[in-house]
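All residue numbers for the sequence shown refer to this note's numbering, where the first residue is 105 and numbers rise by one. Where is the CB? At the ideal position from N, CA and C, for every residue including glycine.
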Amino acid sequence: MAGGECLSQSKPQMDSSSLRHRKPSVSLKEGHNSTAHSPETPDDTQSSYGTRRRKAPSKVLLPVVAGISFSTRLYRITEPPHVCWDETHFGKMGSYYINRTFFFDVHPPLGKMLIGLAGYMTGYDGSFPFIKPGDRYEHHNYWGMRGFCAVLGSFLPIFAYLIVLELSRSPMAALIAASLLLFDTGCITISQYILLDPILMFFIMGAVLSMVMLNQQADCPFSAPWWLWLVLTGVNLAGALGVKFVGLFVITLVGLHTVSDLWRLFGDLSLSLVDIGKHFVARVAGLILLPLFLYVTIFAVHFVVLNKSGPGDGFFSSAFQSRLIGNNLHNASMPEYLAYGSTITIKNLRIAGGYLHSHWHLFPEGVGARQQQVTAYLHKDYNNLWLVHKHKYNNSHTESPDLVRHGDIIRLEHKETTRSLHSHLHEAPLTKKHFQVTGYGINGTGDSNDLWQIQVCGGRAGDPVKVLRSKVRLLHRATGCVLYSSGRTLPKWGWEQVEVTCSPYLKETPSSQWNIEDHINPKLPNISLSVLKPHFMEILIESHIVMLRGNSGLKPKDNEMNSKPWHWPINYQGLRFSGVNNTDYRVYLLGNPVVWWINLASLALYLLMIAVASVTVQRGFSLVPKRIEQLRVLRRGGGLLLIGWLLHYAPFYTMGRVLYYHHYFPAMLFSSMLTGITLDILFKSTDLLFRTPYSDWLQSGGQKVLLLSIVYSFYLFHPLSYGMTGPLAHNPKSRMARLKWMDSWEF
Numbered sequence: 105m106a107g108g109e110c111l112s113q114s115k116p117q118m119d120s121s122s123l124r125h126r127k128p129s130v131s132l133k134e135g136h137n138s139t140a141h142s143p144e145t146p147d148d149t150q151s152s153y154g155t156r157r158r159k160a161p162s163k164v165l166l167p168v169v170a171g172i173s174f175s176t177r178l179y180r181i182t183e184p185p186h187v188c189w190d191e192t193h194f195g196k197m198g199s200y201y202i203n204r205t206f207f208f209d210v211h212p213p214l215g216k217m218l219i220g221l222a223g224y225m226t227g228y229d230g231s232f233p234f235i236k237p238g239d240r241y242e243h244h245n246y247w248g249m250r251g252f253c254a255v256l257g258s259f260l261p262i263f264a265y266l267i268v269l270e271l272s273r274s275p276m277a278a279l280i281a282a283s284l285l286l287f288d289t290g291c292i293t294i295s296q297y298i299l300l301d302p303i304l305m306f307f308i309m310g311a312v313l314s315m316v317m318l319n320q321q322a323d324c325p326f327s328a329p330w331w332l333w334l335v336l337t338g339v340n341l342a343g344a345l346g347v348k349f350v351g352l353f354v355i356t357l358v359g360l361h362t363v364s365d366l367w368r369l370f371g372d373l374s375l376s377l378v379d380i381g382k383h384f385v386a387r388v389a390g391l392i393l394l395p396l397f398l399y400v401t402i403f404a405v406h407f408v409v410l411n412k413s414g415p416g417d418g419f420f421s422s423a424f425q426s427r428l429i430g431n432n433l434h435n436a437s438m439p440e441y442l443a444y445g446s447t448i449t450i451k452n453l454r455i456a457g458g459y460l461h462s463h464w465h466l467f468p469e470g471v472g473a474r475q476q477q478v479t480a481y482l483h484k485d486y487n488n489l490w491l492v493h494k495h496k497y498n499n500s501h502t503e504s505p506d507l508v509r510h511g512d513i514i515r516l517e518h519k520e521t522t523r524s525l526h527s528h529l530h531e532a533p534l535t536k537k538h539f540q541v542t543g544y545g546i547n548g549t550g551d552s553n554d555l556w557q558i559q560v561c562g563g564r565a566g567d568p569v570k571v572l573r574s575k576v577r578l579l580h581r582a583t584g585c586v587l588y589s590s591g592r593t594l595p596k597w598g599w600e601q602v603e604v605t606c607s608p609y610l611k612e613t614p615s616s617q618w619n620i621e622d623h624i625n626p627k628l629p630n631i632s633l634s635v636l637k638p639h640f641m642e643i644l645i646e647s648h649i650v651m652l653r654g655n656s657g658l659k660p661k662d663n664e665m666n667s668k669p670w671h672w673p674i675n676y677q678g679l680r681f682s683g684v685n686n687t688d689y690r691v692y693l694l695g696n697p698v699v700w701w702i703n704l705a706s707l708a709l710y711l712l713m714i715a716v717a718s719v720t721v722q723r724g725f726s727l728v729p730k731r732i733e734q735l736r737v738l739r740r741g742g743g744l745l746l747i748g749w750l751l752h753y754a755p756f757y758t759m760g761r762v763l764y765y766h767h768y769f770p771a772m773l774f775s776s777m778l779t780g781i782t783l784d785i786l787f788k789s790t791d792l793l794f795r796t797p798y799s800d801w802l803q804s805g806g807q808k809v810l811l812l813s814i815v816y817s818f819y820l821f822h823p824l825s826y827g828m829t830g831p832l833a834h835n836p837k838s839r840m841a842r843l844k845w846m847d848s849w850e851f
C-alpha cells in the first residue's frame, strides 16, 4: 500500500456485499448467479464505485462530443464586433494587465490575468478603452480574448462526459449529460465573450473530474496516476478560487468528499495507522498546501505585473499606493508632521472609504440643508485638497510653523471652493441617525459649526500629527459627533460617491478614523516615504479585505437588471448581452428552455427514485445485481452531483449583494450531469414494467426522443446565441415570436 502497489481488484465492496446478503433469497434471474459481469456490460472493468464501464462506445462518442463542442463555441466568435455586456469590465482589465496599470476588482486576479495574457499572445496591444457596451472594436484585435474563453468553455461538455462516465460507467448517461451542455444556448453564449464565467467553470469542472479520477485510483494509492490526479485536483481548486470566490463552493465539495474518503480509510482495518497517516498527509499537501501556495503565487504575479498607478489606487491604503510607479506617493518625500497652513488630502481608513471630497454642487431640496456637498471619493482628484487653518482656542506652541497636535481645534477649508468643512443637526442623506456634513461659508467666513477637534487615536495632549502613520478623528465641537464615512453610495445627485456624515456614536472604527495622505508645506523639511512601503503579506491581506468589502457593497442600483435565485432553475428571465431594438444585432443570454426544464424535472425525479430505492432496500426486497449497481450509482454518483448543485446554488439565497442570472451556470453544470445519470437509470428501468423486447424498444426509443428533442430545441433557439435581427419577439411579425414561451423573456 505505502509503496504504491495496487490492491486486488476482487476485494469485495462492503455496502454491495451487505445489500446482496440482506436476504438469502436474492433473485439472480438477470444476474447469471454473479455480479462479475452484467448482461449489459460483458467486457467491462471493475471500478471503485462498484460499477462497470464499456470502453468501446466512449472512444467514438468522446471525439464527437469534442468536435461539436468546439464548433458550436467557436462559431461566429467575432460577432458582434462590438463590446457586449461585461466585456466592458473584463476586457478593460485584460488591457490593464498588458499596460501594467493597477486597478481594483471584487474578484481575485487569475481570470483577468489569463484574459490579458490571451490578448497579448494574439496581438492585442491593450489600447482599446472598453468604455461602454456597443463600442465597436474597429481595428483592435479582440478575437484572441474571446477565443480563449470559448476554448475553455468548449471543455465543459467534454469534462461532463468524462465525469458522468466515471461515476456511472454508462456511455449513454455520459452522452445525455454532455448533450444537455452541448446544445444549451446559455452555455454557448456565456462561453463566447470576454468573461470570467467560462474560465471559472473550466476550473470547477476540472476539479470535479480530477477528484473523480483520483477516486478511480483508490486501489493504487501513491502510484504515479494517483499523485497526478491529486495534484491536478489541487491545481484546479486554486484556479477556481483564483478566478472568483465562488470557487470556495467546489473547494467545499472536494473537502467533504475527502473527509468521507479518509473516514472510509480509517475504518479499513487492513490499513495500519501509518498508512492512514500517509493518506492524510498526502491530501493535506495536495488539496490544501498546494492550492494555497498557487493561490498566493497568483497574487504575487498580480502585484508584480500591476506596478503602475491606475484607477484602483484610491481603494487601497496610502502605504499600499506608495509602491505604485506614477502614484504621487511612490518614492515621494513630504513633511513628516502636519502643520498649520498645509495643503492635505484626508483618507478614510475604512477599506474603500474614500478621500474627503467636496465640489461646487449643492445638496438637493429636501436633503438636509441646501449647502455644498461633502462626500468621500475613491479616486485621486483636485477636489480632495483641503487647507488646515488654526483657531484661536488652540494652545500656543513655539514651533514655527506651528505643528498640529492632538486636541487642537482646527478649521478645514476646501481649496477649490474655499468653503469650510461644516456640520449641524440636520440628518444625513442616507444614514438618518447621523448628522449632515456640508461645505459652508466662503473665504474663511463661517460660524462655530466649522470647528473640529483633531484627535490622534491612542495619542496624548501635545502629540504631533504624523503624516500617513497617525490615525486621527475629527470631533465636531458644536455637536460632539465625529466625521464618518458610511460606505453607502449616494444617488445620482451625489454623483454616486460615498456618503460622509457626522456620527454621534463615538466608538473608534475605521469609518471614523482618517489619515493625512498628501501633505504640502514648503516651510517644513521632507522625509522619504520609501520606509512606509508594506510587505507582501500586508498587501495580500489588505487586497482581500478590499475585495470582500467590495463584494458586500455590490447592491442593486436604480433600474438595474438583476434577478433572484428562484428565477434561475426555471429559466424565468435572461440577460441582454447586445442590442435592444429592431436594427441592433441582438444576443440574449437564456438557457435552452427544453434543457433547463428537463434538468428541473430530473431533480425532482432523482429525489423520487432515491426515496423509492431506499424504501425498497429498507423493506428488505430482493435486488438483482443490476439493480444494486444502479442504486449505487444513484446514491454515490448522483449524490455527489446533487451536493455539488446545492453548494453552487443554495448559498445565493443568503447573499445580500446584487445577483444576476449568470450566477446559476456553475450549478447548472452539476444539474445537467445529475440529469444524465437519472434519466439513464430511468430508461434502463423500463424492464420493471415491460418484458423484452418491449423494454428494449422503449429504452432505445426514449433515449432517441430525448436526444432529438435536445438537438431540435437548440435548432429553434440558436439565434439567441448567434444573433438576432429584425422585430423583437413581442411583435407577431418576428421570427422569434412563436418561441416567446414566457412573458418574462425579452428577446
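Write down the C-beta distance between residue i and residue j rounded to the nearest angstrom, noting that I regard them as a contact closer than 8 Å.
i           : j           : result
residue 298 : residue 191 : 4 Å
residue 637 : residue 423 : 7 Å
residue 344 : residue 308 : 5 Å
residue 472 : residue 531 : 6 Å
residue 594 : residue 603 : 5 Å
Using only the alpha-carbon positions, how far apart do residue i and residue j sit?
i           : j           : result
residue 806 : residue 784 : 10 Å
residue 762 : residue 384 : 39 Å
residue 851 : residue 690 : 8 Å
residue 674 : residue 834 : 20 Å
residue 241 : residue 286 : 29 Å
residue 814 : residue 391 : 37 Å
residue 302 : residue 265 : 17 Å
residue 359 : residue 746 : 15 Å
residue 250 : residue 288 : 19 Å
residue 163 : residue 256 : 22 Å
residue 467 : residue 650 : 29 Å
residue 670 : residue 694 : 15 Å
residue 154 : residue 321 : The predicted position of residue 154 is uncertain, since its pLDDT is 38 and thus under 50; no value can be drawn from it.
residue 475 : residue 592 : 20 Å
residue 771 : residue 398 : 25 Å
Following the continuous beta strand (DSSP E) through residue i, name the residue where it begins and the one where it ends.
i           : result
residue 593 : 586-593
residue 282 : Per DSSP, residue 282 belongs to no beta strand (DSSP E); it is in the alpha helix (DSSP H), 275-286.
residue 451 : 447-452
Nearest CA to the CA of residue i: which residue from the options?
i           : options            : result
residue 845 : 697, 230, 449      : 697
residue 408 : 397, 263, 429      : 429
residue 258 : 606, 177, 240      : 177
residue 811 : 609, 350, 277, 791 : 277
residue 221 : 329, 198, 186, 205 : 198
residue 185 : 171, 170, 232, 166 : 232
residue 402 : 434, 347, 616      : 347
residue 642 : 617, 421, 229      : 421
residue 655 : 687, 678, 760      : 760
What first and last residue would you give for the alpha helix (DSSP H) that runs through residue i?
i           : result
residue 630 : Residue 630 -> not in any alpha helix (DSSP H); beta strand (DSSP E) instead, spanning 630-632.
residue 196 : 191-203
residue 404 : 394-409
residue 240 : Run containing residue 240: none; DSSP gives neither H nor E here.
residue 730 : 729-736
residue 698 : 697-722
residue 253 : 247-272
Cutting at 8 Å between CB atoms, please list the residues of its own chain near residue i, excluding the five before and the five after it.
i           : result
residue 582 : 527, 528, 552, 553, 555
residue 193 : 209, 234
residue 337 : 311, 314, 315, 318, 358, 390, 391
residue 236 : 187, 192
Sorted by chain position, which residues of the same chain lie with C-beta nearer than 7 Å to residue i's C-beta, five sequence neighbours on each side aside?
i           : result
residue 751 : 353, 356, 357
residue 506 : 443, 444, 494
residue 579 : 556, 557, 559, 586
residue 623 : 438, 439, 442, 446, 448, 571
residue 316 : 267, 270, 271
residue 245 : 226, 227, 228
Less than 6 Å between C-beta atoms, sequence neighbours within five positions excluded: which residues of the same chain meet that for residue i?
i           : result
residue 488 : 449, 459, 461
residue 394 : 338
residue 826 : 180
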